[in-house]
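**Q**
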Amino acid sequence: MPEWTQQQLEAITARNPEILVSAAAGSGKTAVLIERVVSLLLEGMQLDRMLVMTFTNAAAEEMKERLTDLLANQAAENEHLRRQFQKLGSADISTLHSFCKRLLQQYFQAAYTDPNSSMADESKQNELYTRAQNDALDAAHEDPTDEFDQLRAHFKETEIIDMSAALYRFLMAQAAPFEWLDNMTDPALFDDLYSHPWYEVVAREARLRLEGARDSLLDCEQICRRPDGPGRYLAAILDDLAMVDLLLVSLNTPQTFAGGKPRFARLSSKKAEATEDPELTALVKDVLRAEAKALINEALALLPENQAQAQAWMAEIRATLPQLLGLAQLVKDIHARYQAYKAAETLWDFNDLEHLALKALSDEQVRQEVVSSYDALFVDEYQDISQIQEAIITRLRGADNTLFMVGDVKQSIYRFRLADPTLFLEKYKQFSQDKDAEERLITLKENFRSRRNILQAVNLVFARAMRERATEIEYDDEAMLTTLREQLDDPPVEVHLLHQEEGLELSDEVADALDAVMPDVITDEEGAQGTPADELERAFVYEARLLARRIRELIGTPITDGDKTREIQYRDIVILLRTAASRANVLAEILNNANIPTYSDTQGEFYTQSDVRDTLYLLQTLDNPYHDIPLMSTLSSPVFGFEPGELDAIRSAYPSRDIPFHEAFYAFAKTSSKCQEAIARLDRWRLMAHTMPLDRFLSRLLRESGLYALAGAKDEGRLRRANLRILLAQAAPNPEPQNLSDFVERALRAKKQKAGDRSASLGMQENVVRIMTMHKSKGLQFPVVMVPDLSRGFSGKRFELPLLMDAQTGLALRQVNTRDRYFKDGFGVTAIRAKKTREEQSEEARLLYVAMTRAKERLIMVGTVTNLDAALMRWSKPEGDYAASAAKNMLDWVCAPLYEPLQRGAQGLVDMDNGSRFLIAWHAVYDLLEDLSRMARPLMDPTVPPGIMARDDFFQPLAPTLRIPQKSSVTALITRERLMQTEETPEVKRRALQPARALRDMPDLAGFQTLSAAQRGAAAHKVLCALDPKDFVHLEEEQMRKALTRAMDELLSRDMLTKEERASIQEADVLHFYQSDLARRMAQSGERHAEWPFTLLADSDMILQGVLDNCFVEDNAWVLVDYKTDWGEAAMLADRYRDQMRWYMRALREITGMPVKEAWLYLLRGRQAVQITEDEPIRLKETPL
């Protein structure tokens, strides 16, 4: 049993009607939720009377797996749990959308919908919505209302289209979208500016600025009172402070607030005293007071000077109301038509699932029936809930069931998907920590992931960065992370700051290198180069080099892993980026140039990967054989292997431009056996596509066409195969089965828009440094986390549309002067823009929190300081709301609590008051220029084959030898065929290793004449890898024999075996294996892998690739099995294959991080298992090239 903390136990055992668990990062919230489910089951509750809702299918599956494991361990001794275990298959553990769909299929009458509706794919949704939008616009133009006339008089058609689409998407996230729309366009809402929600937003922004001005003036006062300060300015500073205090007080009574242009006191022109420090004088006059004046002016510009101006501003807003009403009418018509078009084709989209479910639950009889079906409701990741999802959950809550919500609002980073973290925050404030409260709040702050020093550093940063009025969340005592981990010598949290010395000029060579590895630099609005954004773009290259240097230093150093200490490996390190655009590929290239194995899941667009592209061309051809470009691409692909000359012959036979290529191809096939064979294969696959589920068909197509095998045989074969598996996953039901035409259309559109899935990620055990975005890191953890690019400025919302929307404060349109065609924001637009900008900054703070809390052992942060004086000014602000809101980038939040040591130029270890320890390191850009120029140099002339010197190379001196890892398969390495074979496939594995030996009598090879030894071995390998031992080991011998015969005949019918292969298999040999103890152990394992390819970097000198026949987990360790069909004595074969097996053992151990307890050769001909042991891991020196 786990040792639960007191707070975790309370979350598990509390039985309050409603519970909100605010679970900090690494606090074990999912484990707590699952344990609570089991605890309720132990009390007698039924699993089928529980509803567990998540936000992703992956999360739902993880919960089912965890619950399965937990119940399996306890069900043996508990009859009730045993019955609940049997209900797991039908348990209501799913996404909210899946629940809504089940609800609609049962209560379709209440929702007035067709229960047979299927889910429209994205292309169909776009088609029907565009049709509805066009038809609604046509109708509005043909018979315009006065309001629509106003709309089209003020805005272009394209603006109207974009605004209506944006408004429709926004409305669909609201619980009652058109009721909300009517309320927000009600003229009564626009009577008084001071009572409108906008005023509260703007007043809050003005107050923040005035408080910031007050802080600056207080600094001025402090300096003026110093003996060497400008005391002659003190009176004016005090007058300014009095004015700010008066303004802050008057903000509490809006109607009497007197804004306008402020009157600042004049600074004394009295001659300075001899003791006055000119630098302090300049600091007060030109920096601090200038900043205060600017903030005061900004604050007052936000607010009306008086009631007359307030009325004038509201009159301007009321003038936009007819345009808003015209837009509202249009969106309502679009919605009505879109719903009708979907209904006509019995289709739903995901918005329908939510809105129709809410509609069904509005029927009180339906609601009571559904509510009575559940005794307990669970919502995971509650911080990511939307308004309409909250409404659905509220309807499911009844007097006789309980609601358990768990999440962490500090990790709410999906507002761009219309998640609303304010829903969590409202409950957080509303719920009570009293144990008997109807609505109870429980906080989990104990972190089980990170070292204490990392947690203390997080607390230090976010105690300042997270402020309710600035960044929505108050990082109070309940939010402070703690840990029970007691470890000595915690590594410091590293903060690396780059700076460039004044006057440093880059050489032409280095500048060219920078241009080569960086994309086009960002320019300012006027397009001028050399801006701070430009400098930061180039600075990222330096940061990447710093990371490379730090990674090399860390590799091989000790790190704690559970109760053990081991060396840091590449796989332990992740680099988290705020955004991957123009960053990830540059970073990956620089690390790779430093010989650091790296993987970025942003490298290359998914549909442009060659293996995916070839598959997509083939699918296009199967969908439409009369499309010339896909047909020619498919024929020239490895699937059919037509050479350019062969395609040219087809075209030349029918040269007329009036004859398309596909007609020429089919005509040419009458006299070409190769074309006839291609057509036959295409026709066969086309028939399969129409008669099989798409995902099953695609799986079969990838194997039959050889595309999957070919992908594995190329460089980065594991990744290439993973890309094809991603494509296969996209073909799965979603949630309805897909057809080939829609699948191809969606893929082509994604390819065109460059919006497809990213390429596959490596498994977590691959020994590479990972590069990913902060968003993708949520829910993951890594021993070493590096966070560069902290100086990247907050983007600021780009409000390109004239329409701004906000769920709490409403709608606002930019004001358009139709005569002169100029735009004016107006008070409403200013208010919503300010609110959205503040929300974006709040999400940036939460993203930084997510990034920092991924680290288990080491946290390394990197930023570039382009203007140290300005940065120090921001970092020097006293802790408070304004200081948090004034941050320009994440680095400001990190460095603000470190201001004192940074200001005095500290370098090295720094201990902070809260117990955290930092390592501050300043780096001059000059020190990071080393070898930059080499980044731009191609490794070889791209026009010259590898290994052949380009013509110009003969006239150049030889460069210093660079040691580059070579590539080989394990089999080739053992047999010394490195230069001939670099990939290991099952066929290569079956090739016997042939040492010199005496001739012996030939065995009976009847039936084998048509296949080589390697082919016969590959056939046996196919059978043993394709069949599941669970299906056979429990059978008696005769039953097993029959079952094996049927199974192998099935493989033949599915074209997984050829007739020759089927005939070559000695069934008695296979039967004997499944009767063995090894097969029984394999069948009992919960994790087994067959034909598992791997890539291993061996001793930095060789990249080894291989395929494991079979491996399974037993007692938390691997058992490795390799099948051999060689003839020979067991001892001889064991000696022959010992090194090969040792390489497999090493690869399995190092890639997965789990020990290998046993390794076995199973000799099919000898019908025996031979154990292979090792005294120590094998090294290259034992198998020299």
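Residues in the sequence shown are numbered from 308 upward in steps of one, following my numbering. Ideal Cβ positions, reconstructed from N, Cα and C, are used throughout, including at glycine.
If I measure Cβ to Cβ from residue 657 and keep anything under 8 Å in the same chain, skipping five residues before and after, which residues do I get?
**A** As a first step, residue 657 is located in the sequence shown; it is residue number 350 there, counting from the start. Result list for residue 657: 404, 426, in chain order.
**Q** By DSSP's criteria, residue 1413 is part of a beta bridge. Which residues make up the other side?
**A** As a first step, residue 1413 is located in the sequence shown; it is residue number 1106 there, counting from the start. Answer is 1401, bridged to residue 1413.
**Q** Can you look up residue 998 in the DSSP assignment and give me helix, strand or coil?
**A** By 1-based counting over the sequence shown, the position of residue 998 is 691. Note: residue 998 maps to helix in three-state DSSP.
**Q** So, is residue 1453 buried or exposed, given that buried needs 16 or more other C-beta atoms within 10 angstroms?
**A** Here the question's residue 1453 lines up with position 1146 in the sequence shown. Buried: at least 16 other Cβ atoms inside 10 Å.
**Q** Among 1003, 352, 774, which has the Cα closest to the Cα of residue 1039?
**A** Counted from its first residue, the sequence shown places residue 1039 at position 732. Looking at the Cα atoms, 1003 is the closest of the given residues.
**Q** Taking residue 1414 and residue 1394 to be in contact with their CB atoms under 8 Å, please state how far apart those CB atoms are, rounded to whole angstroms.
**A** Counted from its first residue, the sequence shown places residue 1414 at position 1107. Counted from its first residue, the sequence shown places residue 1394 at position 1087. About 18 Å; that fails the 8 Å criterion.
**Q** Between the Cα of residue 409 and the Cα atoms of 659, 351, 624, 952, which residue gives the shortest distance?
**A** Taking the sequence shown and counting its residues from 1, one reaches residue 409 at position 102. The shortest C-alpha separation from residue 409 is found at 659.
**Q** Which whole runs of the beta strand (DSSP E) in the stretch 768-811 are 3 residues long or more, in chain order?
**A** Complete beta strand (DSSP E) runs here, min 3: 800-806.
**Q** Going by DSSP, what residue range makes up the alpha helix (DSSP H) through residue 1215?
**A** The residue given as residue 1215 occupies position 908 in the sequence shown. Note, residue 1215: premise wrong, no alpha helix (DSSP H); beta strand (DSSP E) at 1215-1218.
**Q** Please classify residue 485: is it buried, with 16 or more other beta-carbons within 10 angstroms of its beta-carbon, or exposed?
**A** Position 178 of the sequence shown, counting from 1, holds the residue named residue 485. By the 10 Å Cβ count, residue 485 comes out exposed.
**Q** So does the stretch 700-709 actually touch the stretch 458-478, counting three or more Cβ pairs closer than 8 Å?
**A** No, the stretch 700-709 does not touch the stretch 458-478.
**Q** On a CA-only basis, which of 1112, 977, 855 is nearest residue 1499? Give me that one, please.
**A** Absent from the model: residue 1499. The displayed extent of the chain is 308 to 1492, so no value can be given.
**Q** Nearest to residue 1089 by alpha carbon, out of 1014, 1018, 1166?
**A** Counted from its first residue, the sequence shown places residue 1089 at position 782. The option with the nearest alpha carbon to residue 1089 is 1166.
**Q** To the nearest angstrom, how far is it from the Cα of residue 574 to the Cα of residue 592?
**A** As a first step, residue 574 is located in the sequence shown; it is residue number 267 there, counting from the start. As a first step, residue 592 is located in the sequence shown; it is residue number 285 there, counting from the start. Computed Cα separation, rounded: 9 Å.
**Q** Considering only C-alpha positions, which residue in the set 856, 932, 503 is nearest to residue 967?
**A** By one-based count along the sequence shown, residue 967 stands at place 660. Here the closest residue by C-alpha is 932.
**Q** Keeping to the same chain, check which residues put their C-beta closer than 6 Å to that of residue 414; ignore five residues upstream and five downstream.
**A** To locate residue 414, count along the sequence shown from 1; it is residue 107. Taken in chain order, the residues that qualify are 667, 673.
**Q** Can you look up residue 1230 in the DSSP assignment and give me helix, strand or coil?
**A** On the sequence shown, position 923 is the one that residue 1230 refers to. If DSSP states are grouped into helix, strand and coil, residue 1230 belongs with the strands.
**Q** Could you give the C-beta distance for residue 548 and residue 510, rounded to a whole number, given that I count them as a contact under 8 Å?
**A** As a position in the sequence shown, residue 548 is number 241, starting the count at 1. As a position in the sequence shown, residue 510 is number 203, starting the count at 1. Going by Cβ atoms, the distance from residue 548 to residue 510 rounds to 20 Å, so no, they are not a contact pair.
**Q** Is residue 617 close to the ligand SAH? I mean its beta-carbon at under 7 Å from any heavy atom of the ligand.
**A** No copy of the ligand SAH occurs in the structure displayed, which carries no ligand at all.
**Q** In the DSSP assignment, what residue or residues form a beta bridge with residue 709?
**A** Mapped onto the sequence shown, residue 709 falls at position 402. Per DSSP, 683.
**Q** Residue 780 to residue 726, Cα distance in whole Å?
**A** Stepping through the sequence shown from its first residue, residue 780 is reached at position 473. Stepping through the sequence shown from its first residue, residue 726 is reached at position 419. In a straight line, the C-alpha of residue 780 is about 16 Å away from that of residue 726.
**Q** Report the rounded CA-to-CA distance for residue 1482 versus residue 1392, giving the unit in angstroms.
**A** As a working note, residue 1482 is residue 1175 in the sequence shown. As a working note, residue 1392 is residue 1085 in the sequence shown. Between residue 1482 and residue 1392, the C-alpha separation is close to 26 Å.
**Q** Hey, residue 331 and residue 773 are a contact pair by Cβ (cut 8 Å); roughly how many whole angstroms apart?
**A** The residue given as residue 331 occupies position 24 in the sequence shown. The residue given as residue 773 occupies position 466 in the sequence shown. Rounded, the Cβ-Cβ distance is 12 Å, inconsistent with contact.
**Q** Grouping DSSP H, G and I as helix and E and B as strand, with all else coil, what is residue 627?
**A** Within the sequence shown, residue 627 is the residue found at index 320, counting from 1. If DSSP states are grouped into helix, strand and coil, residue 627 belongs with coil.
**Q** Following the continuous beta strand (DSSP E) through residue 1079, name the residue where it begins and the one where it ends.
**A** Walking along the sequence shown from the start, residue 1079 turns up at place 772. Run containing residue 1079: 1076-1080, per the beta strand (DSSP E) assignment.
**Q** So, with DSSP's three-state summary, where would you put residue 318?
**A** Numbered from 1 along the sequence shown, position 11 holds the residue referred to as residue 318. In the structure shown, residue 318 sits in a helix (DSSP, three-state: H, G or I).
**Q** Going by other Cβ atoms of all chains shown within 10 Å of its Cβ, with 16 needed for buried, is residue 1439 buried or exposed?
**A** Stepping through the sequence shown from its first residue, residue 1439 is reached at position 1132. Residue 1439 is exposed by the Cβ-count criterion.
**Q** With residue 513 and residue 417 assumed to form a contact (beta carbons below 8 Å), what rounded beta-carbon distance in angstroms separates them?
**A** Numbered from its first residue, the sequence shown carries residue 513 at position 206. Numbered from its first residue, the sequence shown carries residue 417 at position 110. So it is not a contact: roughly 49 Å between Cβ atoms.
**Q** For my contact list, residue 681 and residue 714 are in at a C-beta cut-off of 8 Å; report their separation, rounded to the angstrom.
**A** As a first step, residue 681 is located in the sequence shown; it is residue number 374 there, counting from the start. As a first step, residue 714 is located in the sequence shown; it is residue number 407 there, counting from the start. The Cβ separation is near 20 Å, so there is no contact.
**Q** May I ask you to report which of helix, strand or coil DSSP gives residue 503?
**A** Indexing the sequence shown from 1 puts residue 503 at position 196. If DSSP states are grouped into helix, strand and coil, residue 503 belongs with coil.
**Q** In angstroms with no decimal places, state the Cα-to-Cα distance between residue 402 and residue 361.
**A** Mapped onto the sequence shown, residue 402 falls at position 95. Mapped onto the sequence shown, residue 361 falls at position 54. Going by the C-alpha atoms only, they are around 5 Å apart.
**Q** How do the stretch 573-588 and the stretch 629-644 stand: do at least 3 beta-carbon pairs fall below 8 Å, yes or no?
**A** Segments in contact, no.
**Q** How should residue 723 be labelled, buried or exposed, when 16 other C-beta atoms within 10 angstroms of its C-beta is the threshold for buried?
**A** Taking the sequence shown and counting its residues from 1, one reaches residue 723 at position 416. With fewer than 16 Cβ atoms within 10 Å of its Cβ, residue 723 is classed as exposed.
**Q** Specify, as a first and last residue, the run of the beta strand (DSSP E) that residue 326 falls within.
**A** Locating residue 326 in the sequence shown gives position 19, where the first residue counts as 1. Residues 325-330.
**Q** Looking at residue 374: is its Cβ nearer than 8 Å to the Cβ of residue 341?
**A** On the sequence shown, residue 374 is found 67 positions in, with the first residue counted as 1. On the sequence shown, residue 341 is found 34 positions in, with the first residue counted as 1. Yes. Within cutoff.
**Q** Using only the alpha-carbon positions, how far apart do residue 937 and residue 956 sit?
**A** Translated into positions along the sequence shown, residue 937 becomes position 630. Translated into positions along the sequence shown, residue 956 becomes position 649. Whole-angstrom Cα-Cα distance: 18 Å.
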